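In the numbering used here, the protein residues as written are 200 to 328. Worksheet: one structure, shown below.
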């Protein structure tokens, strides 16, 4: 377990490197790491988003999915996929309960390697938040 506490400042440089690697390796349109309360930690996106509105909406969907899981036989939430007209967004809960990763997926993206290695990636995120 890590010895960091809630007052610790995230290691932004390391987290930026992690999401840059995720974006590059997955050929994604963007990656967002945020707290569940809607505060942005780091992002790397090709488009400009209104993060003040966009991230709280994603966080709200995450919290709703967690609530759904508890209503359906206490199932644990793993991921949400929102398929839009030209883009998909996959929301993944990290090991740290306070954060999530949002992948902005296009038709050329490769998410299988990211999902396969997500546990170790999530641990790395947890160590730097």
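C-beta: ideal position from N, C-alpha, C; glycine also. The structure presented is a predicted model; accordingly, all values stated were derived computationally and were not measured.
CA nearest to the CA of residue 295, picked from 223, 233, 213, 217 = In the chain shown, residue 295 corresponds to position 96, counting from 1. It is 233.
Classification of residue 180 by the beta-carbon crowding that lies within 10 angstroms, buried from 16 upward = Residue numbering for the chain in the displayed model covers 200 to 328; residue 180 lies beyond these limits and cannot be assessed.
Is there contact here, the segment 206-217 with the segment 237-248, by at least three beta-carbon pairs under 8 Å?
-> yes
In chain order, what residues of the same chain lie with their CB nearer than 7 Å to the CB of residue 245, ignoring the 5 residues before and after it?
-> Counting from one through the chain shown, the residue named residue 245 turns up at place 46. Excluding sequence neighbours, residue 245 sits near 228, 229.
Limits of the unbroken alpha helix (DSSP H) element including residue 216 | Taking the chain shown and counting its residues from 1, one reaches residue 216 at position 17. Its alpha helix (DSSP H) spans residues 211-225.
Indicate the three-state DSSP secondary structure (helix, strand or coil) for residue 283 in the structure shown.
-> As a first step, residue 283 must be located in the chain shown, where it is residue number 84. If DSSP states are grouped into helix, strand and coil, residue 283 belongs with coil.
Determine the direct distance from the alpha carbon of residue 286 to that of residue 304, and round the result to whole angstroms.
-> Working through the chain shown from its first residue, we reach residue 304 at position 105. Working through the chain shown from its first residue, we reach residue 286 at position 87. Each residue's alpha carbon lies about 6 Å from the other.
Which term fits residue 309, buried or exposed, when burial requires 16 or more other beta carbons within 10 angstroms of its beta carbon?
-> The count along the chain shown starts at 1 and reaches residue 309 at position 110. By the neighbour-count rule (16 or more Cβ atoms within 10 Å), residue 309 is not buried but exposed.
Grab me the residues of residue 275's own chain with a C-beta within less than 8 Å of its C-beta, minus the 5 sequence neighbours each way, in chain order.
-> Walking along the chain shown from the start, residue 275 turns up at place 76. Closer than 8 Å at Cβ, skipping near neighbours: 268.
For the alpha helix (DSSP H) that residue 231 lies in, which residues bound it at each end?
-> Position 32 of the chain shown, counting from 1, holds the residue named residue 231. Run containing residue 231: none in the alpha helix (DSSP H); it sits in the beta strand (DSSP E), 229-234.
When burial is assigned at 16 or more other CB atoms within 10 Å of the CB, is residue 292 buried or exposed?
-> As a first step, residue 292 must be located in the chain shown, where it is residue number 93. Answer is buried; the Cβ neighbour count reaches 16.
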